[in-house]
Structure formats: structure tokens, C-alpha cells
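Working notes for the structure below.
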Amino acid sequence: MFGADLIGAAGVALLLGAFAANLLGMVAKESLAYPSTNFIGALLATYASWLIAYMPFVILEGVWACVSLAAIFRIISRPRPAQ
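The structure is reproduced here in C-alpha cells:
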């Protein structure tokens, strides 16, 4: 059980860190860093929830990871201004 706790704590720390950084103006939600941190944090939290067989959080964090991944692809695929 210690492993799941450690993995989950790391994931939640990333999620909360990204959230706080965004609210404090340290990172913009349009930046690649914000959805990337959310994606990694949500993946870790999903895996930890899977390890303890807590399906409501597997679904919650899994959807969070999917939405974050979609945001990453949106940011990567947007046109860059000509220089």
C-alpha cells in the first residue's frame, strides 16, 4: 500500500502545484507546461487509484488525463505566428 500512497501523493502534488501556479499567475493555462503537468499528475493519480481498486477516482483522474492530453495536442498543433 505504501507504493500506491507515494505514487498518488506525487500525482496530487503535481496537480495541485499546476493549479496553484496558474492561479498565482506563474504559469498560463495556454502554456505547454500547464496541461503537461496536469497530464503527468493525473496519470500518476489514476495509476495509484487503480492500485487500490478505487474506481471512482480511476474514472475521474483518467478523464482528467485525457482532457489534459487533448489540451497538449491543441497547443502543439496550433499555428505559430510567422517571424
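Numbers given in this note's numbering equal positions in the sequence shown, counted from 1, plus 1. Glycine residues also receive a C-beta, built at the ideal position from the N, C-alpha and C atoms.
### Query
Applying the criterion that 16 or more other CB atoms from any shown protein chain within 10 Å of the CB defines a buried residue, is Ala-66 buried or exposed?
buried
### Task
For Asn-23, collect the residues of the same chain with a Cβ closer than 7 Å to its Cβ; drop the 5 residues on either side in sequence, then sort them by chain order.
Lys-30 and Tyr-35
### Query
Which one of Ile-41, Ile-76 and Leu-7 has the shortest CA to CA distance from Gly-63?
Ile-41
### Task
Note down, in chain order, each residue of its chain lying with its Cβ closer than 8 Å to the Cβ of Gly-4, except the 5 sequence neighbours on either side.
Leu-52
### Task
Counting only runs of 4+ residues fully inside the stretch 29-81, write out the alpha helix (DSSP H) ranges in chain order.
34-52 and 56-78
#### Entry: C-beta contact flag for Tyr-48 and Ile-73 at 9 Å
no
### Query
Alpha carbon to alpha carbon, how far is Pro-57 from Gly-26?
31 Å
### Where the alpha helix (DSSP H) through Gly-4 begins and ends
3-24
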